[in-house]
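Take a look at the structure set out below.
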Amino acid sequence: MTTATRTRSLFDPRLMKAAVAGAFFKLDPRYLAKNPVMFVTEACSVFTTILGIRALFAPGEAPAAFTLTVSAWLWATVLFSNFAEALAEGRGKAQADSLRKARRDIQAKRLNTEVRTSPFNLVAAPDLRKGDIVLVEAGSTIPADGEVIEGVASVDESAITGESAPVIRESGGDRSAVTGGTRVLSDWLVVRITTNPGEAFLDRMIALVEGAKRQKTPNEIALNILLAFMTIVFLLAVVTLLPFSLFAVHAAGQGQPVTVTVLIALLVCLIPTTIGGLLSAIGISGMDRLIRANVIATSGRAVEAAGDVDVLLLDKTGTITLGNRLATSFLPAPGADPKVLADAAQLASLSDETPEGRSIVVLAKQLFSIRERDVEGLHAHFVPFSATTRMSGVNLDGRQIRKGAADAVEAFVRSLGGSFPNEVRAHVETVAKSGGTPLVVADGPRVLGVVHLKDVLKGGIRERFAELRKMGIATIMITGDNPLTAAAIAAEAGVDDFLAQATPEMKLKLIREKQSQGHLVAMTGDGTNDAPALAQADVAVAMNTGTQAAREAGNMVDLDSNPTKLIEIVEIGKQLLMTRGSLTTFSVANDVAKYFAILPAAFAATYPALKALDIMGLTSPTSAILSAVIFNALIIVLLIPLALRGVSYRALGADALLRRNLLIYGVGGLFSPFVGIKLIDLLLSAIGLA
Numbered sequence: 095m096t097t098a099t100r101t102r103s104l105f106d107p108r109l110m111k112a113a114v115a116g117a118f119f120k121l122d123p124r125y126l127a128k129n130p131v132m133f134v135t136e137a138c139s140v141f142t143t144i145l146g147i148r149a150l151f152a153p154g155e156a157p158a159a160f161t162l163t164v165s166a167w168l169w170a171t172v173l174f175s176n177f178a179e180a181l182a183e184g185r186g187k188a189q190a191d192s193l194r195k196a197r198r199d200i201q202a203k204r205l206n207t208e209v210r211t212s213p214f215n216l217v218a219a220p221d222l223r224k225g226d227i228v229l230v231e232a233g234s235t236i237p238a239d240g241e242v243i244e245g246v247a248s249v250d251e252s253a254i255t256g257e258s259a260p261v262i263r264e265s266g267g268d269r270s271a272v273t274g275g276t277r278v279l280s281d282w283l284v285v286r287i288t289t290n291p292g293e294a295f296l297d298r299m300i301a302l303v304e305g306a307k308r309q310k311t312p313n314e315i316a317l318n319i320l321l322a323f324m325t326i327v328f329l330l331a332v333v334t335l336l337p338f339s340l341f342a343v344h345a346a347g348q349g350q351p352v353t354v355t356v357l358i359a360l361l362v363c364l365i366p367t368t369i370g371g372l373l374s375a376i377g378i379s380g381m382d383r384l385i386r387a388n389v390i391a392t393s394g395r396a397v398e399a400a401g402d403v404d405v406l407l408l409d410k411t412g413t414i415t416l417g418n419r420l421a422t423s424f425l426p427a428p429g430a431d432p433k434v435l436a437d438a439a440q441l442a443s444l445s446d447e448t449p450e451g452r453s454i455v456v457l458a459k460q461l462f463s464i465r466e467r468d469v470e471g472l473h474a475h476f477v478p479f480s481a482t483t484r485m486s487g488v489n490l491d492g493r494q495i496r497k498g499a500a501d502a503v504e505a506f507v508r509s510l511g512g513s514f515p516n517e518v519r520a521h522v523e524t525v526a527k528s529g530g531t532p533l534v535v536a537d538g539p540r541v542l543g544v545v546h547l548k549d550v551l552k553g554g555i556r557e558r559f560a561e562l563r564k565m566g567i568a569t570i571m572i573t574g575d576n577p578l579t580a581a582a583i584a585a586e587a588g589v590d591d592f593l594a595q596a597t598p599e600m601k602l603k604l605i606r607e608k609q610s611q612g613h614l615v616a617m618t619g620d621g622t623n624d625a626p627a628l629a630q631a632d633v634a635v636a637m638n639t640g641t642q643a644a645r646e647a648g649n650m651v652d653l654d655s656n657p658t659k660l661i662e663i664v665e666i667g668k669q670l671l672m673t674r675g676s677l678t679t680f681s682v683a684n685d686v687a688k689y690f691a692i693l694p695a696a697f698a699a700t701y702p703a704l705k706a707l708d709i710m711g712l713t714s715p716t717s718a719i720l721s722a723v724i725f726n727a728l729i730i731v732l733l734i735p736l737a738l739r740g741v742s743y744r745a746l747g748a749d750a751l752l753r754r755n756l757l758i759y760g761v762g763g764l765f766s767p768f769v770g771i772k773l774i775d776l777l778l779s780a781i782g783l784a
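The opening position of the sequence shown corresponds to residue 95 in the numbering used here, with each subsequent residue numbered one higher.
Listed below in structure tokens is the structure:
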């Protein structure tokens, strides 16, 4: 998805044009039958249209102009509802069109074996099957989803993620999955195809983005059932009003019975048309907001579940911390000059291209203005780090400078006849207890001191966790670090709990324990070893850079492969539920206010005592009914931007959120019809239609 597509205006002219056409297309009763509120409204529209046409040629129960005007606004109510849904769907379809551009007629080199140099046949990408082996070289497009089994290459995934920066894909590890439609920029890859035609990740994304496979969520289904129940109740109530009216007129010998047109207008104003007309658009827009965040959800259920999550499992590295340990200070040994320690540590790190090594060079320059040396000009012999020695360093001008783990450096120093000072040992313990990593530096038999490497927290992460805590969401950090280091990082980050030295089995066990206690759990992962836990979690966000197993186990895929996106996903899910709840509250309160507009007008001729309820002082019964019907249609249009953009997200608990909904949307829904209907009544009176 390109950035232009993701940031397209809410009311883009192209989307508006397609949505208008879609609104008429959705008038098909077979489609509207899925929405009981709008189906009843359409049936009422058809019936009043028939009554109005009939009144044109023969006297009817109500003037033809009045009946046809009511009918026109009932049709407008249905069309506005369809327009909201079509506009929400149109945004998804526009994004799907941009994804389709990633598809090309690709010729793939299908190998006979897994060896790069083996013979190959040129075949069309659609002819590839699961298990086929293909060679993809620089400049070529990866023909289908697969797993890298040999090679390392730079891959352009901008067609999928919208990001232009290339990524590295290689065999083994957690960055072996490749996506069809992406392009190899350098080197080559041997790929094993993991999907059959039509099952590729891109195909699934297009279907999901288009909404073709969007299933109603349990919450949405429950709300639909409630709306259907309310519609049936009001339908039965309104149907019984006609015989009551006829009986009252007959018994009193005066007055006029209520007309069928007025009863239909009353029914449409009383049933929850506002939320009924916007419910589908709210659900579709929730997924659309997730897609614009570059996350693909396999269903609306996953988005909704994200809104109910109350436990978050987050990896430490790359999520809570920046992912690289950085040098933060030099702790000299007794009698050692801090600048000498920094100089030796920098010399030992000149050939170290890891983030840790580069940070030591930078820190020495910042603290002591020690400039980087010309590596070649030093004529030094660099000793690379190895798992056996657990040290690295440099031999220069007869000096043997080493940096590494405390016990490894101690053994090195003692082998040269030196000693390991207790003060340095204390520095090592202090750094370890604080959650850092101590690197001891020695120059031959002399220990110079300790370099403090620290996992640096991401900016604002502690505040984010505080917001989650206000929402009632517990955060658990997962790390492979020892418990001491894990505890220090957890305390600094402000997470509620941590799991140290975590294994796949431990992650799975933790999720099951939390779920057995009634919690909804979310987690993120990218490796094959994360797949069991991802499959168990209620909301499982797999990284797009991760393995095929992880992507298949998750119910969401983050195209940006940003582990902190999990927090944003929860916020989007919360916003979806907040929007649905807020507009439902508004709709119910809205209907209450409409009673005072239409009931006195509808039955004043039958029950004169009801005039006391005409607290708005509307011009006439005809104006009151038309004003209520017009307001009932227009309020849907006015709420479309809110339904599509969502209610502004705030980190609030359930109680505070309920109070806010009742105060803003409950009170607002109660009073807005009084203002709106009165204004429409004045307008109708001014133009002579009242």
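Each residue gets a CB set at the ideal place from its N, CA and C atoms; glycine is no exception.
Counting along the chain, D501 sits inside the alpha helix (DSSP H) bounded by residues A500 to S509. The beta carbons of Q630 and Y743 sit no closer together than 8 angstroms. Annotation for L712: no alpha helix (DSSP H) segment contains it, and DSSP assigns it neither H nor E. The beta-carbon distance between I369 and L321, rounded to whole angstroms, is 7 angstroms. This is short enough to meet the 8 angstroms contact definition.
Counting along the chain, A439 sits inside the alpha helix (DSSP H) bounded by residues P432 to S443.
When Cβ pairs closer than 8 angstroms are counted between the two stretches, the segment 580 to 589 is seen to touch the segment 529 to 544, the count reaching three or more. With respect to the C-alpha of K564, the residue from V550, A331, V589 and L461 having the closest C-alpha is V589.
Under the three-state reduction of DSSP output, T422 falls in the strand class. Take the alpha-carbon of P478 and the one of T422: they are about 22 angstroms apart.
Collapsing the DSSP output to three states places D685 in a helix. Cβ-Cβ distances below 7 angstroms link L510 to G538 and P539 in the same chain, with the five nearest sequence neighbours on each side left out; the list follows chain order.
If you check the CB distance, R286 and E241 come in under 8 angstroms.
For D501, the number of other beta carbons within 10 angstroms of its own is below 16, and it is reported as exposed. Excluding its 5 nearest sequence neighbours in each direction, F174 has C-beta neighbours in its own chain below 7 angstroms: G371, A727, I730 and V731, listed in chain order. Between the segment 698 to 718 and the segment 641 to 658 there are fewer than three C-beta pairs closer than 8 angstroms, too few to call the two in contact. Residues of the same chain with a CB within less than 8 angstroms of the CB of G543, apart from the 5 flanking positions on each side, are F424, L425, P426, A427, A430, P432, L435, V518, H521, V534 and V535 in chain order. T531: member of the beta strand (DSSP E) spanning T531 to D537, first to last residue. In this structure, the beta-carbon distance from L406 to I555 does not fall below 8 angstroms. About 39 angstroms separates the beta carbon of A238 from that of D404, a gap too long to meet the 8 angstroms contact definition.
With a cut-off of 8 angstroms on Cβ pairs, the segment 141 to 156 is not in contact with the segment 210 to 220, counting fewer than three such pairs. For V550 and T411, the gap between their C-alpha atoms comes out near 10 angstroms. DSSP places D775 outside any beta strand (DSSP E); the residue lies instead in the alpha helix (DSSP H), whose first and last residues are V761 to A780. In this structure, DSSP gives I555 a helical state, which the three-state scheme calls helix. Counting only residues of its own chain and dropping the five nearest sequence neighbours on each side, S379 has a CB closer than 6 angstroms to the CB of A182 and L738.
If you draw a straight line from the Cα of L373 to the Cα of M324, it comes to about 15 angstroms.
Annotation for H475: V488, N489 and L490 place their beta carbon closer than 8 angstroms to its own, counting only its chain and skipping 5 residues before and after. Note on the segment 308 to 347: there is no whole beta strand (DSSP E) run with a minimum of 3 residues. DSSP, read as helix, strand or coil, puts Q460 in helix. By the C-beta density criterion, Q440 is buried, having at least 16 other C-beta atoms within 10 angstroms.
Restricted to the segment 353 to 406, the alpha helix (DSSP H) segments that are unbroken, complete and at least 4 residues in length are 354 to 364, 367 to 386 and 394 to 402, listed in chain order.
Less than 8 angstroms divides the Cβ of S486 from the Cβ of D446. Within a 10 Å sphere around the beta-carbon of R558 sit 16 or more other beta-carbons, which makes this residue buried.
In this structure, A400 places its C-beta atom within 8 angstroms of the C-beta atom of G667.
DSSP lists N489 as the bridge partner or partners of Q494.
Taking a cut-off of 8 angstroms for Cβ pairs, the segment 125 to 139 and the segment 357 to 368 touch, as three or more such pairs fall below it. Going by C-alpha positions, L472 is about 14 angstroms away from Q494.
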